[in-house]
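A.B. asks: Okay, handing you the structure first.
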């Protein structure tokens, strides 16, 4: 009887309010494998979560990162099926799309690192180029579509959660490499434990002289893209007793260099360099987290965080987001209830663009209940946000998964969306040389819903299939119109996306495996001009293709990747299709030393994923990694 009372209570709550959660999985830190059911599957590449899952989730493990010798989060994410990473201001700024949408929430250990002033372009809120390297990353969880209510209400495309490493042994690792364009990278990592204290610390120095791309269609003379970047991360864990601990996280990046911008010309068909801009960027983030009841099924935490960003990009501007989060959980019969509350404050200044110390606060409360009925798990949840500028908004969500047997898991999720305009959307007003850019303080928040249905099917011990259908619908979608003499922001009447994603992972034998993937995304917009919904010709990859072939035997590892896009508007982009090949190889000299080499964009493909901003051309790197 209690089961039905719980469900009835949630149905009533949903009806009164106006409805997924990140997939749960276990990762073995020693072997770097994902534990699924009673069997373990080694993951040489990112693979879909096979266990009971309520979303389309992929996990990129630290083993995947190490085997491919990725240098950045951007590189790791680019190899995930259905993911698009866009370079904007070539080589200096990059943003991610999930399910074709750049409204993606990026977390570190479950905490949002979104920039309150917004990205340079689009609706992204975290520039991947500002993140430190990947040496301290344990895994990256990529969830497409709705995430848990605990993570916020504005993630239309999905949620990326970066989980950092916790020190568990005493060792130091030095990773050095060099490559094209005068590139040199050095990363030193140290981890250890002493008594009840553990730590994982990394430091990196990165240098590049310039940025190169295929010149077809571009006048590339004098283009730049150089930088000097240093970064530092530290995670310190202090065990207080058997049930509680403290975690201190800090992340620092500082970069100086140039970014190139381009524009079309009326005299020829080429895209010409319009400016080389000096770019300086500083990011300092830290948090302190108290964990309690860690040795139970119902853990909780209390956290304070403070994220600061300072930039010089034509003009100087800076922002800070700080807040407090509290989360607790309870077990009741077949139900696991998680509830939490948080307070955040955003502060932003861009004096040249007309605003100083603009502030807003947001208070939120959320609760979700994972109800387990054997093969069926239902997780209703609701989040209530009280924004100092836009009032109270309720965003309920519902996630379901049905585990028919040991080989088949089906899932569905539905969630409401509420996304407040960024500070630049509201207050930006700048009169420059022959150009005016202005925001709109009367913008309305974006609202709507996302939904996903799909399944994971393990055909046999060597073959895994993943299929998902997704859809999103937004009212008052925010978009910047960027012309030659102006830039202005406005609300669209409607923005709708729907699509499908299919993937297969196949093990050939102990040494070889491969994966294939395809994603289709159809985007329509209603601009309020009386024409109704019509195709969005500016979308960068209506059809996306992904493939990978992997060899791993004895001391050798080799990987070959293909990403491609078709169906693009070739009057808006350089071309209507593109194909990019990447490859890497490594050899373990002994248990402590590895030599490696990689070539990205083997065929030197010329293409753009953001209008007029070219992606990088052929690039090689070679390096050595030594642990002592």
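Residue numbers (our numbering): 1 to 628. For each residue, glycine too, the CB sits at the ideal point set by N, CA and C.
Here's the rule I'm using: 16 or more other beta-carbon atoms within 10 Å means buried, otherwise exposed. How should residue 509 be labelled?
C.D. replies: exposed
A.B. asks: Taking the CB atoms as reference points, tell me whether residue 523 and residue 497 lie closer together than 7 Å.
C.D. replies: yes
A.B. asks: What's the gap between the Cα of residue 447 and the Cα of residue 440?
C.D. replies: 18 Å
A.B. asks: Measuring straight from C-alpha to C-alpha, what distance separates residue 49 and residue 207?
C.D. replies: Confidence at residue 49 is low in this model, with a pLDDT of 42, below 50, so the placement of that residue should be treated as unreliable; the coordinate-derived value is given next. C-alpha separation (whole angstroms): 36 Å.
A.B. asks: Roughly how many angstroms lie between the CA atoms of residue 617 and residue 173, to the nearest whole one?
C.D. replies: 30 Å
A.B. asks: Candidates 390, 397, 405 and 385: which alpha carbon is nearest residue 376's?
C.D. replies: 405
A.B. asks: For a minimum of 4 consecutive residues, which ranges assigned as the alpha helix (DSSP H) are wholly contained in the segment 372 to 445?
C.D. replies: 423 to 427
A.B. asks: Can you give me the C-alpha to C-alpha distance between residue 467 and residue 457, rounded to a whole angstrom?
C.D. replies: 9 Å
A.B. asks: So residue 308 and residue 320 are supposed to be a Cβ contact under 8 Å. How far apart are they, rounded?
C.D. replies: Their Cβ separation, rounded to whole angstroms, is 5 Å, which keeps residue 308 and residue 320 in contact under 8 Å.
A.B. asks: Can you check which of these residues, 364, 328 and 333, is closest to residue 345 by C-alpha distance?
C.D. replies: 364
A.B. asks: For residue 56 and residue 432, what's the separation of their Cα atoms in angstroms?
C.D. replies: 44 Å
A.B. asks: Do you know whose CA, among 138, 159 and 137, lies nearest residue 147's CA?
C.D. replies: Ranking 138, 159 and 137 by Cα distance to residue 147 puts 159 first.
A.B. asks: Tell me which residue opens and which closes the beta strand (DSSP E) that residue 525 is part of.
C.D. replies: Counting along the chain, the beta strand (DSSP E) containing residue 525 begins and ends at 512 to 526.
A.B. asks: Among 241, 281 and 340, which residue has its Cα nearest to the Cα of residue 195?
C.D. replies: 241
A.B. asks: Going by beta carbon distance, what residues of the same chain come within less than 6 Å of residue 84, once the five residues before and after it are set aside?
C.D. replies: 97 and 541
A.B. asks: Can the beta-carbon of residue 634 be found closer than 7 Å to that of residue 107?
C.D. replies: One cannot answer for residue 634 here, as it falls past the ends of the chain, which runs 1 to 628.
A.B. asks: Check whether the Cβ atoms of residue 566 and residue 590 sit closer than 7 Å, and answer yes or no.
C.D. replies: no
A.B. asks: Anyone know if the C-beta pair for residue 596 and residue 272 falls short of 7 Å?
C.D. replies: Taking C-beta atoms as the reference points, residue 596 and residue 272 fail to come closer than 7 Å.
A.B. asks: So the beta strand (DSSP E) residue 175 belongs to, where does it begin and stop?
C.D. replies: 171 to 179
A.B. asks: Excluding five sequence neighbours on each side, which residues of the same chain lie with their C-beta closer than 7 Å to the C-beta of residue 31?
C.D. replies: Per-residue confidence for residue 31 stands at a pLDDT of 34, beneath the threshold of 50, marking its modelled position as unreliable; no derived number is given.
A.B. asks: For the alpha helix (DSSP H) containing residue 582, name the first residue and the last one.
C.D. replies: Per DSSP, residue 582 belongs to no alpha helix (DSSP H); it is in the beta strand (DSSP E), 578 to 588.
A.B. asks: Measure the CB-CB distance between residue 257 and residue 279 and report whether it falls below 7 Å.
C.D. replies: Yes, Cβ-Cβ distance for residue 257 and residue 279 is below 7 Å.
A.B. asks: Is residue 610 helix, strand or coil by DSSP?
C.D. replies: strand
A.B. asks: From residue 135 to residue 250, what does the alpha carbon distance come to, in whole angstroms?
C.D. replies: 14 Å
A.B. asks: In its own chain, which residues sit with a C-beta less than 6 Å from the C-beta of residue 367, not counting the 5 before and 5 after it?
C.D. replies: 339
A.B. asks: Hey, residue 506 and residue 514: beta-carbon distance below 7 Å or not?
C.D. replies: yes
A.B. asks: Kindly indicate the opening and closing residues of the alpha helix (DSSP H) around residue 68.
C.D. replies: 62 to 68
A.B. asks: Excluding the 5 residues preceding and the 5 following residue 78 in the sequence, name in chain order all residues of the same chain whose CB lies nearer than 6 Å to its CB.
C.D. replies: 85
A.B. asks: With a cut-off of 8 Å on the beta carbons, I'd call residue 606 and residue 91 a contact; round off their distance for me.
C.D. replies: Contact doesn't hold; Cβ gap of about 15 Å is too wide.
A.B. asks: Please name the residue in 528, 530, 583 and 529 whose C-alpha comes closest to that of residue 550.
C.D. replies: 583
A.B. asks: With DSSP as the reference, label residue 77 as helix, strand or coil.
C.D. replies: For residue 77, the secondary structure class from DSSP, reduced to helix, strand or coil, is helix.
A.B. asks: In terms of DSSP beta bridges, what is residue 256 paired with?
C.D. replies: Answer is 228 and 280.
A.B. asks: Quick one: residues in its chain with C-beta nearer than 7 Å to the C-beta of residue 615, no 5 flanking neighbours on either side, listed in chain order?
C.D. replies: Once the five neighbours on either side are set aside, the close Cβ partners of residue 615 are 87, 213, 607, 608 and 609.
A.B. asks: Taking 8 Å as the threshold, find out whether the segment 184 to 193 comes into contact with the segment 161 to 176 through three or more Cβ pairs.
C.D. replies: Here the segment 184 to 193 makes contact with the segment 161 to 176; the two share three or more CB pairs at distances below 8 Å.
A.B. asks: How is the beta strand (DSSP E) around residue 117 delimited, first residue to last?
C.D. replies: From DSSP, residue 117 is part of no beta strand (DSSP E); its letter is neither H nor E.
A.B. asks: To the nearest angstrom, how far is the alpha carbon of residue 62 from that of residue 139?
C.D. replies: 5 Å
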